[in-house]
Amino acid sequence: MENVEIARVLNEYANLLDIQGDSPFRVRAYRNAAQTVASLSQPVAQLIEAGEDLQQLPGIGSSMAEHLQEIVETGTLSRLEEVRRALPSTLTELMQLEHLGPKKARQLHDALGITSVSELAAAIDAGKVEALPGFGKKSAANLRHAIDAFERRSRRFLLADADQFVRPLLRHLRQAPGIVELEVAGSYRRRQETVGDIDILAVCEDPHPVMQHFQAYREVDRIEMAGPTRGTVILRSGLQVDLRIVPRRSYGAALHYFIGSKAHNVAVRQLGVERGLRINEYGIFRVPKGKKADDLGTEEGERIGGEREEDVFRAVGLVWIPPELREDRGEIQAAQEGRLPHLITLDDIRGDLQMHSTWSDGAHTIEEMARACQERGYEYCAITDHSQSTRVAGGLDAERFRKQWEEIEEIRQRLDGIVLLKGVELDILPDGSLALPDDMLEQFDIVLIAVHSQLDMPRARMTRRVLKALSHPAVDILAHPTGRQIRKRAPVDIDLEEVFHAAKECDVALELDAQPERLDLNDVHLHRARELGVKVAIDSDAHSIEHLRFMSYGIDQARRGWLERQQVVNTLPWPKFRRCLGRRRA
DNA sequence: GCCGTTTTCGGCCCGACTGTTTTCAGTCG
Ligand SMILES: Nc1nc2c(ncn2[C@H]2C[C@H](O)[C@@H](COP(=O)(O)OP(=O)(O)OP(=O)(O)O)O2)c(=O)[nH]1
Ligand SMILES: [Mg+2]
Ligand SMILES: [Mg+2]
Ligand SMILES: [Zn+2]
Numbered sequence: 021m022e023n024v025e026i027a028r029v030l031n032e033y034a035n036l037l038d039i040q041g042d043s044p045f046r047v048r049a050y051r052n053a054a055q056t057v058a059s060l061s062q063p064v065a066q067l068i069e070a071g072e073d074l075q076q077l078p079g080i081g082s083s084m085a086e087h088l089q090e091i092v093e094t095g096t097l098s099r100l101e102e103v104r105r106a107l108p109s110t111l112t113e114l115m116q117l118e119h120l121g122p123k124k125a126r127q128l129h130d131a132l133g134i135t136s137v138s139e140l141a142a143a144i145d146a147g148k149v150e151a152l153p154g155f156g157k158k159s160a161a162n163l164r165h166a167i168d169a170f171e172r173r174s175r176r177f178l179l180a181d182a183d184q185f186v187r188p189l190l191r192h193l194r195q196a197p198g199i200v201e202l203e204v205a206g207s208y209r210r211r212q213e214t215v216g217d218i219d220i221l222a223v224c225e226d227p228h229p230v231m232q233h234f235q236a237y238r239e240v241d242r243i244e245m246a247g248p249t250r251g252t253v254i255l256r257s258g259l260q261v262d263l264r265i266v267p268r269r270s271y272g273a274a275l276h277y278f279i280g281s282k283a284h285n286v287a288v289r290q291l292g293v294e295r296g297l298r299i300n301e302y303g304i305f306r307v308p309k310g311k312k313a314d315d316l317g318t319e320e321g322e323r324i325g326g327e328r329e330e331d332v333f334r335a336v337g338l339v340w341i342p343p344e345l346r347e348d349r350g351e352i353q354a355a356q357e358g359r360l361p362h363l364i365t366l367d368d369i370r371g372d373l374q375m376h377s378t379w380s381d382g383a384h385t386i387e388e389m390a391r392a393c394q395e396r397g398y399e400y401c402a403i404t405d406h407s408q409s410t411r412v413a414g415g416l417d418a419e420r421f422r423k424q425w426e427e428i429e430e431i432r433q434r435l436d437g438i439v440l441l442k443g444v445e446l447d448i449l450p451d452g453s454l455a456l457p458d459d460m461l462e463q464f465d466i467v468l469i470a471v472h473s474q475l476d477m478p479r480a481r482m483t484r485r486v487l488k489a490l491s492h493p494a495v496d497i498l499a500h501p502t503g504r505q506i507r508k509r510a511p512v513d514i515d516l517e518e519v520f521h522a523a524k525e526c527d528v529a530l531e532l533d534a535q536p537e538r539l540d541l542n543d544v545h546l547h548r549a550r551e552l553g554v555k556v557a558i559d560s561d562a563h564s565i566e567h568l569r570f571m572s573y574g575i576d577q578a579r580r581g582w583l584e585r586q587q588v589v590n591t592l593p594w595p596k597f598r599r600c601l602g603r604r605r606a
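In this text, residue positions in the first sequence follow our numbering: the first is 21, and each later residue adds one.
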C-alpha cells in the first residue's frame, strides 16, 4: 500500500463525511492526515513495521494512527465502507467540478438521485437542476460549463511549462495603469514542481483600471470571475490566472497570504490568534478587547503592520521564511527556534555533472557544451553520454568511449578556465552489475549509474539491484534514483530509505536530475536525504546547451527540500571537488 | 479528529465573489 493510496482513502472518506454534513473540523482532520501521509518520505507501512510511533507525525492522533494501521493491513477503512453503503463513492467525483462542493453534491443526490458527472449532465439538460431550491438558470449553466471543463481535463502544469506563459503575462500586466508592485505568488512562487494556476498580486491605488487591463490580455479565453479586488481568467493555453489587488499598506500581508501554502497560512494565523492578533491579507491587527473577531471590518483594530512580509512573521515571533519552505512541514517550528536552513542558491553551483553530447543523444558537441557551461560561470562540467546497453539511442561501447576520450583530451587543449570531465551515464544491469568492465570504469573521471531497463522489477529485487551497484568503488553518483517522469512514468518501486543509507555508507552522491519533468529526487526525498546526511548532486541532464538552464529548476526543488550548499557536491570549487572524486579509488 | 509553557475541553484562519436570497450560503482563494 503506497502512501498516495492511503492518502486517497483518507481524502475519499473526508469528502464523504463532508457531503454527509459532518463536523468541518473532523473533515479537516482527515484531509490534514492525508496531506501528512502524502508528503512522507517513507511508506507508512514501513514506519509501522519498524515500530515507529505514528502519533509523532503532525495531524496524526490516536484515532488516525489506528486508521492508518487498518488501511495498511486491509487496504481500506471499515468506516469508509460503511459510509459508502449510504453514499456512492462516485459522489466525490461531483466535487471535482468547479462551483460544486459538498452541500450541492448532497442536494443533487437527495433530490434527484444524481451520483455521477454524467447523470448530472443529463439532469441539467433536462432542466431538472435549475428548478431545485438554491439553484437557478445561471448556476445550472455554470455547472454545465464546469462539466465540459472537467472532461477536457486541464490538469496541472509543469512549472517550466507555466514559465512560458508567465513571462509574457507579466510583460502585459506591467503595462497596467498605476501598477506599483507586481509579484507572482502561490505554488509558482513556492516553486512547486507543478502548478494548478498562476496567482499574481498587484499593488496599486486604483484597482479598477488594473483589473480591466488584466481581463483585456490578448491570451484570455474566458473571464471566470471579476470582482473589485480579485479576478480569475482562463488563458487559451488552459492555464488559470488569479489576480489579487491590494493597496500599498497591505502589500506584505497580501503577499504572505497569496504565496501560501494554505496549510502554512493557517498555522501562522493560528499563532496570531494565540497572541490576540488577527492576520489577514490586509495586515496584522490587534483584536479590540470585548470584540468578537467575527464582526470586525477587515482592517478594524490597531494595525500592527502589513506593508512588508516580515511584519507578519515578526508579529508571531518568527523570522522571515523563504517561500519554498512554506508548506507547514516544520518550517514554522524551525523559524521559532532559529534553525531555518541557509538555502542553496543557483550562484552556489560550480559545475554540472550530467549532460549529453552528439556522441549519444545530445544536440551539441562536447566543445559546445563545455563552452556553454563556462559561460554559465561553471568551473567544471562532465560529459556523461549513455553506455551502449541503454535503450537510449546511440549509447557508446568501450571502443567509442576511448575515441571520445581522445576528443575530450584534444578539446581540453583549447579550453581555458573550465575543467572538462570524462564521464558516463552507465546502466545498472538487472543483476546490479555495471554495463562496462572495471578496467574501463577506472579511466573515467566521473561515473554516474542509473536504472534504465526492467523498471517494473519488484521492490526487494530493485533495491538489491541498486544497492549492489552502489557498492562498486568506481561509482560517484546515482542518477535519477526513482526514474519517475511527472505524469508520464511512475517511480520505480524501491526502498529509498535503504538506498539513502547505502549511499551514505559508500560515499556516493544521489542525483537531483533537474529536467523539469524528472526532478528526481523530489523535494520530500531531498529533505530526507538531508536528514540522513546523504550528499546530493544537482545536474541539468542537458541534451543541448539550452537545457543547461534546467539547473535552476533543480535548485528550486533543492530549496524545497531544505538543502544547503554543504549537502551538494557540485557547489565545491574545483580543487576540492577533484579531491572528492579521487577519494574512493585512491 | 487534533491539540495544549495560557488549556486534557473547547477551541479549530479568514476573506472575496456569485447567485439566490430577502439577509446569506456555498464555494473558492
Ligand atoms: N488563509 C488562507 N489562504 C488560502 C486558502 N486557500 C488558498 N489560500 C492562499 C494560499 C495559496 O497558496 C494561495 C493561492 O491559492 P491556490 O488555490 O492557487 O493554491 P496554490 O497556488 O498554493 O496551489 P495550486 O498549485 O494553485 O493548486 O491562496 C485558505 O483556505 N486560507
Ligand atoms: Mg495557485
Ligand atoms: Mg489560485
Ligand atoms: Zn538516464
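Glycine included, C-beta positions come from ideal geometry on N, C-alpha and C.
Please identify the residue among Thr214, Glu93 and His165 whose C-alpha is closest to the C-alpha of Asp181. Thr214
Do Leu163 and Gln607 have their beta-carbon atoms positioned less than 8 Å apart in this structure? Because residue 607 is not part of the residues shown, which for the chain are 21 to 606, the question remains open.
As a quick exercise: from Asp145, Glu301 and Arg289, pick the residue whose alpha carbon is nearest that of Phe278. Distances from the CA of Phe278 to each of Asp145, Glu301 and Arg289 were compared; the closest alpha carbon is that of Glu301.
Nonlocal neighbours in the same chain, by C-beta distance under 7 Å from Leu446, ignoring five residues either side: Ser407, Leu454, Ala455, Leu456, Val467, Leu468 and Ile469
Close-in-space but distant-in-sequence residues of the same chain around Arg346 (CB under 7 Å, 5 per side omitted): Close CB contacts of Arg346 within its chain, under the 7 Å cut and outside five residues either way in sequence, are with Arg210, Ile279, Gly280, Ser281 and His284 (chain order).
Contact test: Val215 Cβ vs ligand 2 heavy atom, cutoff 7 Å: Yes - ligand 2 has a heavy atom lying nearer than 7 Å to the Cβ of Val215.
If I measure Cβ to Cβ from Asp38 and keep anything under 7 Å in the same chain, skipping five residues before and after, which residues do I get? If we look at Asp38 and ignore the five residues flanking it on each side, its Cβ neighbours are Val47 and Pro122.
Helix, strand or coil at Gln505 [DSSP, three-state]: strand
Near Phe570, what residues of its chain come up, given a Cβ to Cβ distance below 6 Å and the 5 sequence neighbours on each side ignored? Taken in chain order, the residues that qualify are Ala534, Gln535 and Ser560.
Are the CB atoms of Leu111 and Thr135 nearer to each other than 8 Å? In contact: Leu111 and Thr135 (Cβ atoms closer than 8 Å).
Is the Cβ-Cβ distance between His492 and Glu531 less than 8 Å? No, they are not a contact pair.
So what's Asp543 in DSSP terms, helix, strand or just coil? Helix.
Cα-Cα separation, Gln40 to Ala65: 30 Å
May I ask whether a heavy atom of ligand 2 can be found less than 7 Å away from the beta carbon of Gly206? Gly206 Cβ: within cutoff of ligand 2.
Could you check where the alpha helix (DSSP H) with Asn300 kicks off and where it finishes? No alpha helix (DSSP H) holds Asn300; the beta strand (DSSP E) holding it covers Leu297 to Asn300.
Proximity to Pro511 [Cα-Cα], best of His545, Lys488 and Lys524: His545
Quick one: grab the DSSP three-state call for Glu102. helix
Environment of His567 [buried if 16+ CB atoms lie within 10 Å]: buried
Return yes when at least one heavy atom of ligand 4 lies under 7 Å from the C-beta of Ala53, else no. no
Does the contact criterion of 3 or more C-beta pairs under 8 Å hold for the region 479-488 versus the region 374-393? no
I'd like the list of long-range same chain contacts for Arg432, defined as Cβ closer than 8 Å, with 5 residues on each side in sequence excluded. Leu440
When you measure from the CB of Ala470 to every non-hydrogen atom of ligand 4, does any distance come out below 7 Å? yes
As a quick exercise: from Arg507, Gly574, Leu498 and Leu539, pick the residue whose alpha carbon is nearest that of Ala522. Closest by alpha carbon: Leu498.
Less than 7 Å between the CB of Glu101 and some heavy atom of ligand 4, yes or no? no
Please list, in chain order, all residues of the same chain as Leu100 whose beta carbon is under 6 Å from its beta carbon, the five residues on each side excluded. Tyr33
Would you please state the rounded distance, in angstroms, between the beta carbons of Ile299 and Val332? I believe it to be under 8 Å. 6 Å
List the endpoints of the continuous alpha helix (DSSP H) containing Thr112. Leu111 to Leu114 is the span of the alpha helix (DSSP H), which, as asked, contains Thr112.
Taking all protein chains shown into account, decide if Met245 is buried (16 or more other Cβ within 10 angstroms of its Cβ) or exposed. It counts as exposed.
Which residue marks the beginning of the beta strand (DSSP E) containing Leu221, and which one marks its end? Note, Leu221: beta strand (DSSP E), Ile218 to Cys224.
Which value, in whole angstroms, describes the spacing of the CA atoms of Val270 and Pro361? A small correction: the amino acid at residue 270 is Ser; Val does not occupy that position in the sequence shown. Straight through space, the alpha carbons of Pro361 and Ser270 are spaced by roughly 28 Å.
Once the 5 residues before and after Gln505 are set aside, which same chain residues still bring their CB inside 7 Å of it? Around Gln505: Glu537 and Arg538.
Give the DSSP-derived three-state secondary structure of Glu319 in the structure shown. coil
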